[in-house]
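Under this note's numbering, residues 1 to 410 are what the sequence shown spells out, in order. No residue lacks a Cβ here, since even glycine has one placed at the ideal position from N, Cα and C. Report on the structure given below.
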Amino acid sequence: MTTERTGIELEEAVTLILDSLTEPERTELVPAMEANGRILAEDVYAPFDIPPFHRSPLDGFALRSEDLLGASVENPKSIRIIDTVYAGDWCRQKVGQGEGVRIMTGAAIPEGADCIIRLEDVEEGSCREKDAIQVDREMAHNQNFCFQGEDVAKGTPVLYKGIKLTYVEQGILSSLGMEEVKVYHTLKVALFSTGDELILPGTELSPGKIYDSNLFLLYARLCEFGIKPVIAKPLPDRTEDVVKAIRESCEAADLVITTGGVSAGDKDIFHEVLPALGAKRIFWKVNLKPGTPAMFSIYEGTPMFHLSGNPFAAATTFELLVRPFLAKAGRDEGLHINRIRAILDEDFTKGSKGRRFIRGRVKEGKVTIPPSGKHSSGMLASMSGCNCLIDIPAGSGELEKGSEVEVLLL
């Protein structure tokens with residue numbers, strides 16, 4: 001097992017986290033109707049042509065283009081209508097010389113016909129089955145004609161392993177006649193916030209207490225990523241309670257995330273919790289602000305992230321440390337953080353001795369810092385409306401308006 005590291009750089013921390021992933025791929029079959037947001041675990045090939053027959057793109061008449069050669073307003077061609085075919089029906093008659101079939105949108109084009117003329121382009125009142133219609137124009141071969149297999153040919157790949165299924169892919173799966181689809185196992189996450197000071201909304205706010213924001217913050221973020229925690233609850237600052245909760249959660253969860261209790265104070269209990277569990281601490285403290293005391297451990301094969309109890313620190317280290325794990329473990333490429341360069345739209349007058357991440361709003365290549373100037377790790381309100389984190393390198397002095405910075409898109 002890896003020797004514990006302390007005070008490491010962010011990139012090394014992420015490497016240690018990702019290297020801990022040793023579990024083989026787990027997949028399952030789920031109903032295609034319920035596969036929205038899941039990650040496809042195999043390539044999908046078309047079992048037949050789509051569409052499976054030549055079909056009409058409009059309401060009209062299926063005709064033979066050769067019968068309309070020379071047709072004009074002065075010299076209309078008379079075509080005898082031998083049948084009517086609707087979507088879902090099948091015309092069993094072959095269209096012969098001088099014949100046509102009345103056809104509706106989506107219906108199979110009968111054998112012998114090679115073009116479709118729109119209903120409104122035929123003289124009104126001459127549309128009854130067995131009647132003759134008068135056509136006053138020529139039609140090209142295969143005009144208004146949807147070919148068998150023009151969307152997807154039989155045997156060709158339609159969807160690829162690793163994509164996230166949306167409503168579009170679910171529609172495609174249905175068009176292939178697939179009732180079930182193989183997807184990757186959805187990560188089961190246990191989420192705990194720790195702290196004697198925490199109470200849940202709906203409880204009266206008594207002296208010394210605060211409402212628990214971390215539990216709701218991270219629960220909602222996980223749900224945005226398509227992962228609904230199987231366990232989510234606050235815990236007191238008591239080692240035995242936390243040990244018991246983690247042991248029980250690991251029977252149901254693939255991953256444990258906690259907030260609080262990771263610094264070096266009297267009630268930073270995870271220094272006691274992990275030895276009591278017999279968990280292996282991989283690292284403690286990452287050279288960044290906010291969230292320096294972030295901790296990562298493994299308990300009986302279950303990875304565990306222990307984040308700061310300060311709300312903005314918890315949110316930031318979740319994005320920087322937990323999110324890459326979720327992307328790799330869940331095979332979800334969409335969870336990887338995109339980094340771009342942007343121009344700072346105002347001065348940032350605080351020097352950064354160590355690496356620092358601050359909240360921001362990026363738009364059209366420019367990034368703005370919330371005007372409140374409230375950057376404390378314990379402040380969450382100033383993050384409202386932010387869509388990025390600004391990565392300020394260690395040793396940076398004041399940053400002037402117009403400086404180029406790197407931002408992480410949230």
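Q. Comparing alpha-carbon positions, which option in Leu-173, Pro-207, Gly-202, Phe-216 lies nearest Ser-193?
A. In the sequence shown, counting from the first residue as 1, residue 193 sits at position 193. When C-alpha distances from Ser-193 are compared across Leu-173, Pro-207, Gly-202, Phe-216, the shortest belongs to Phe-216.
Q | Length of the line joining the Cα atoms of Glu-404 and Leu-16 | A | Counting from 1 along the sequence shown, the entry for residue 404 is found at position 404. Counting from 1 along the sequence shown, the entry for residue 16 is found at position 16. Straight-line spacing of the CA atoms in Glu-404 and Leu-16 works out to 30 Å.
Q.
Counting C-beta neighbours from all protein chains within 10 Å, is the total for Ala-419 16 or more, i.e. buried, or is it exposed?
A. Examination of residue 419 is not possible in this model, given that the chain is present from 1 through 410 alone.
Q) Any Cβ of chain B within less than 7 Å of the Cβ of Leu-119? A) Among the chains in the structure shown there is no chain B, since it carries only a single protein chain.
Q | Nearest residue (CA-CA) to Val-362, options Asp-391, Thr-105, Ile-116 | A | Numbered from 1 along the sequence shown, position 362 holds the residue referred to as residue 362. If we check each option's Cα against that of Val-362, Asp-391 comes out closest.
**Q.** Beta carbon of Val-101 nearer than 7 Å to that of Val-85
**A.** Within the sequence shown, residue 101 is the residue found at index 101, counting from 1. Within the sequence shown, residue 85 is the residue found at index 85, counting from 1. Cβ atoms of Val-101 and Val-85: closer than 7 Å.
Q. If you run the structure through DSSP and keep just helix, strand and coil, what is Ala-253?
A. The residue you call residue 253 lines up with position 253 of the sequence shown. For Ala-253, the secondary structure class from DSSP, reduced to helix, strand or coil, is coil.
Q. Who are the near neighbours of Pro-268 in its chain, counting only those whose CB is closer than 7 Å to its CB and skipping five residues on each side?
A. As a working mapping, residue 268 is identified with position 268 in the sequence shown. It is worth fixing the name first, because residue 268 is Asp in this sequence and not Pro. Gly-261, Val-262, listed in sequence order.
Q.
Taking 7 Å as the threshold (C-beta atoms), are Ala-46 and Val-189 in contact?
A. Looking up residue 189 in the sequence shown gives position 189. Looking up residue 46 in the sequence shown gives position 46. Cβ distance not < 7 Å, so Val-189 and Ala-46 don't count as in contact.
Q | Integer Cβ distance of Lys-289 from Arg-356, believed to fall under 8 Å | A | Within the sequence shown, the letter at position 289 stands for residue 289. Within the sequence shown, the letter at position 356 stands for residue 356. Right, the Cβ-Cβ distance comes to about 5 Å (below 8 Å), so this counts as a contact.
Q. So, Ile-39 versus Arg-221, is the Cβ gap smaller than 7 Å?
A. Mapped onto the sequence shown, residue 39 falls at position 39. Mapped onto the sequence shown, residue 221 falls at position 221. In this structure, the beta-carbon distance from Ile-39 to Arg-221 does not fall below 7 Å.
Q. In the DSSP assignment, what residue or residues form a beta bridge with Met-383?
A. Counted from its first residue, the sequence shown places residue 383 at position 383. Assignment of beta-bridge partners to Met-383 by DSSP yields no partner.
Q: Take Pro-31 and list the residues in its own chain whose beta-carbon comes closer than 7 Å to its own, dropping the five residues that flank it on each side.
A: Translated into positions along the sequence shown, residue 31 becomes position 31. Excluding residues up to 5 positions away in sequence, Glu-179, Glu-180 lie with their Cβ nearer than 7 Å to the Cβ of Pro-31 in the same chain.
Q. Can you tell me the Cα-Cα spacing of His-336 and Pro-324, whole angstroms?
A. Position 336 of the sequence shown, counted from the start, is the residue given in the question as residue 336. Position 324 of the sequence shown, counted from the start, is the residue given in the question as residue 324. If I take the Cα positions, the gap works out to 6 Å.
Q) In its own chain, which residues sit with a C-beta less than 7 Å from the C-beta of Glu-346, not counting the 5 before and 5 after it? A) As a position in the sequence shown, residue 346 is number 346, starting the count at 1. Correct list, in chain order: Thr-368, Ile-369, Lys-401.
Q) In chain order, what residues of the same chain lie with their CB nearer than 6 Å to the CB of Gly-149, ignoring the 5 residues before and after it? A) In the sequence shown, counting from the first residue as 1, residue 149 sits at position 149. Correct list, in chain order: Asp-49.
(Q) Residues in the same chain with beta-carbon distance under 6 Å from Cys-127, minus the five sequence neighbours each way, listed in chain order, please. (A) For the purposes of this step, residue 127 is identified with residue 127 of the sequence shown, where counting begins at 1. Reliability fails at Cys-127, whose pLDDT of 46 lies under 50, so the model's placement of it is uncertain and the value that follows must be treated cautiously. Cβ neighbours of Cys-127 beyond the five flanking positions: none.
Q | 3 or more residues per run - each beta strand (DSSP E) lying fully within the region 307-368 | A | Entirely contained in the region 307-368, the beta strand (DSSP E) runs reaching 3 residues are, in chain order, 339-344, 356-363, 366-368.
Q | Reference Leu-255, options Gly-291, Leu-191, Asn-287, Ala-108, closest by Cα | A | As a working note, residue 255 is residue 255 in the sequence shown. Here the closest residue by C-alpha is Leu-191.
Q. Among Ser-65, Val-95, Leu-187, which residue has its Cα nearest to the Cα of Asp-136?
A. Taking the sequence shown and counting its residues from 1, one reaches residue 136 at position 136. Of Ser-65, Val-95, Leu-187, the residue nearest in Cα terms is Ser-65.
Q: Can you grab the Cα-Cα spacing for the pair Ser-308 / Ala-35, in whole Å?
A: Counting from one through the sequence shown, the residue named residue 308 turns up at place 308. Counting from one through the sequence shown, the residue named residue 35 turns up at place 35. Taking the straight line from one Cα to the other gives about 34 Å.
Q: Report the rounded CA-to-CA distance for Glu-248 versus Ala-41, giving the unit in angstroms.
A: Along the sequence shown, one-based indexing puts residue 248 at 248. Along the sequence shown, one-based indexing puts residue 41 at 41. C-alpha separation (whole angstroms): 30 Å.
Q: Note down the Cα distance separating Ala-13 from Thr-6, rounded to an integer number of angstroms.
A: Residue 13 sits at position 13 when you count from the first residue of the sequence shown. Residue 6 sits at position 6 when you count from the first residue of the sequence shown. When the Cα atoms are used, Ala-13 and Thr-6 turn out to be separated by approximately 10 Å.
Q: Quick one: residues in its chain with C-beta nearer than 8 Å to the C-beta of Arg-118, no 5 flanking neighbours on either side, listed in chain order?
A: The residue you call residue 118 lines up with position 118 of the sequence shown. The answer, listed in chain order, is Leu-58, Asp-59, Gly-60, Asn-144.
Q) In the structure shown, what three-state DSSP assignment does Tyr-211 receive? A) Position 211 of the sequence shown, counting from 1, holds the residue named residue 211. Strand.
Q. For the putative contact between Ala-113 and Ala-62, defined by C-beta atoms under 8 Å, what is the C-beta separation to the nearest angstrom?
A. Along the sequence shown, one-based indexing puts residue 113 at 113. Along the sequence shown, one-based indexing puts residue 62 at 62. Contact flag correct, Cβ pair sits at about 4 Å.
Q. Could you give the distance in angstroms between the alpha-carbon of Tyr-299 and the alpha-carbon of Gly-171?
A. Taking the first residue of the sequence shown as 1, we reach residue 299 at position 299. Taking the first residue of the sequence shown as 1, we reach residue 171 at position 171. Whole-angstrom Cα-Cα distance: 41 Å.
(Q) With distance defined between alpha-carbon atoms, name the residue in Thr-316, Phe-270, Gln-97, Gly-106 nearest to Ser-56. (A) Position 56 of the sequence shown, counting from 1, holds the residue named residue 56. Looking from the CA of Ser-56, the closest CA among Thr-316, Phe-270, Gln-97, Gly-106 belongs to Gly-106.
Q: Pull up the CB-CB distance for Asn-287 and Ile-8, whole angstroms please, since I reckon it's below 8 Å.
A: What you label residue 287 is simply residue 287 of the sequence shown in a count that begins at 1. What you label residue 8 is simply residue 8 of the sequence shown in a count that begins at 1. Their Cβ separation, rounded to whole angstroms, is 7 Å, which keeps Asn-287 and Ile-8 in contact under 8 Å.
Q: Using 10 angstroms around the beta-carbon of Glu-333, count the other beta-carbons present and answer buried if the total reaches 16, otherwise exposed.
A: Within the sequence shown, residue 333 is the residue found at index 333, counting from 1. With a 10 Å radius around the Cβ and a threshold of 16 neighbouring Cβ atoms, Glu-333 comes out exposed.
Q: Can you have a look at Tyr-184 and say buried or exposed, based on whether 16 or more other CB atoms are within 10 angstroms of its CB?
A: On the sequence shown, residue 184 is found 184 positions in, with the first residue counted as 1. With a threshold of 16 other beta carbon atoms within 10 Å, Tyr-184 meets it and is buried.
Q | Per-residue DSSP class, three states only, for Tyr-299 | A | Position 299 of the sequence shown, counted from the first residue, corresponds to residue 299. In the structure shown, Tyr-299 adopts extended strand secondary structure according to DSSP, grouped into three states.
Q | Local Cβ density within 10 Å of Met-304, reported as buried at 16 or more and exposed below that | A | Here residue 304 refers to the residue found at position 304 of the sequence shown. Residue burial annotation: Met-304 is buried, with at least 16 other C-beta atoms found within 10 angstroms of its C-beta.
Q | beta strand (DSSP E) runs wholly inside the region 75-145, at least 3 long, in chain order | A | You should have 77-85, 99-103, 115-118, 132-135.
Q | Ala-190 - containing beta strand (DSSP E), residue span | A | Counting from one through the sequence shown, the residue named residue 190 turns up at place 190. Residues 189-194.
Q.
So, with DSSP's three-state summary, where would you put Thr-22?
A. Reading the sequence shown from its first residue, position 22 is the one you call residue 22. For Thr-22, the secondary structure class from DSSP, reduced to helix, strand or coil, is coil.
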